[in-house]
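In my numbering, the protein residues as written are 34 to 163. Encoded as structure tokens, the structure appears first; notes follow it.
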């Protein structure tokens, strides 16, 4: 009888796990900021890998637009993360400077900084409590 109760208990334990053992995802409200910063990083990375400055320009423009969107979403009522906004605007500023660069080496240095700012958004936005 004792074995039957033990087996029944084990069966129920696996069938009905406690609520604390089920992990529920937590959201900071900054999901769109995170998405746009990931897209900006990918675009800036493509610009950084371009063989010529002319080939990098479309990716830079795309990255700048995405960084601008990340900044806009970071100050929305659902996110409200001023540090993510600062990083997004910095990424946009470095992207804009890279667009104005006269050679690929100068542009790549600025693009790398824009990439780093995009990664910084990914660091602060998930835990933002501004």
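Built from N, CA and C at the ideal position, the CB exists for glycine as well. Just so we're clear, the structure is a prediction, and the values are computed from it rather than from any experiment.
request  = Within the same chain, show all residues whose beta-carbon is closer than 6 Å to that of residue 131, passing over the 5 residues directly before and after it, in chain order.
outcome  = Here the set comprises 93, 140, 143 and 144.
message = So, under 8 Å CB-CB, residue 96 and residue 77 are touching, yes? Tell me the CB distance rounded to an integer number of Å.
response = About 4 Å; that satisfies the 8 Å criterion.
task = Counting only the same chain and skipping the five closest in sequence on each side, list residues whose C-beta sits under 6 Å from that of residue 150.
result = The beta carbon of residue 150 sits closer than 6 Å to those of 120, 123 and 124, all from its chain and outside the five residues before and after it, given in chain order.
request  = Note down, in chain order, each residue of its chain lying with its Cβ closer than 8 Å to the Cβ of residue 158, except the 5 sequence neighbours on either side.
outcome  = 61, 63, 66, 67, 70, 107, 112, 114 and 117, listed in sequence order.
query = Is it right to say residue 82 is buried, meaning 16 or more other beta carbons lie within 10 angstroms of its own, or is it exposed?
reply = Under a 10 Å Cβ-count criterion, residue 82 is classified as exposed, with fewer than 16 other Cβ atoms of the shown protein chains found around its own Cβ.
message = Using C-beta distances below 8 Å, list every residue in its chain close to residue 136, excluding the 5 sequence neighbours before and after it, in chain order.
response = For residue 136, where only same-chain residues beyond five positions count, the Cβ hits under 8 Å are 86.
key: Cα-Cα separation between residue 161 and residue 152, rounded to whole angstroms   = Distance between the alpha carbons of residue 161 and residue 152: 15 Å.
ask   = Does DSSP classify residue 157 as helix, strand or coil?
value = The DSSP-derived three-state label of residue 157 is helix.
inquiry  = Quick check: residue 73 and residue 100, are their CB atoms within less than 8 Å of each other?
reply    = It is a contact, given that the beta carbons lie within the stated cut-off.
query = Per DSSP, what kind of secondary structure is residue 128 in: helix, strand or coil?
reply = DSSP, read as helix, strand or coil, puts residue 128 in helix.
message = Quick check: residue 89 and residue 80, are their CB atoms within less than 8 Å of each other?
response = Against a cut-off of 8 Å, the Cβ pair of residue 80 and residue 89 comes out as a contact.
message = Excluding the 5 residues flanking residue 148 on each side, which residues of the same chain have their C-beta closer than 7 Å to its C-beta?
response = Excluding sequence neighbours, residue 148 sits near 74, 77, 78 and 81.
request  = State the Cα-Cα distance for the pair residue 129 and residue 138, rounded to the nearest angstrom.
outcome  = Here the C-alpha atom of residue 129 lies approximately 15 Å from the C-alpha atom of residue 138.
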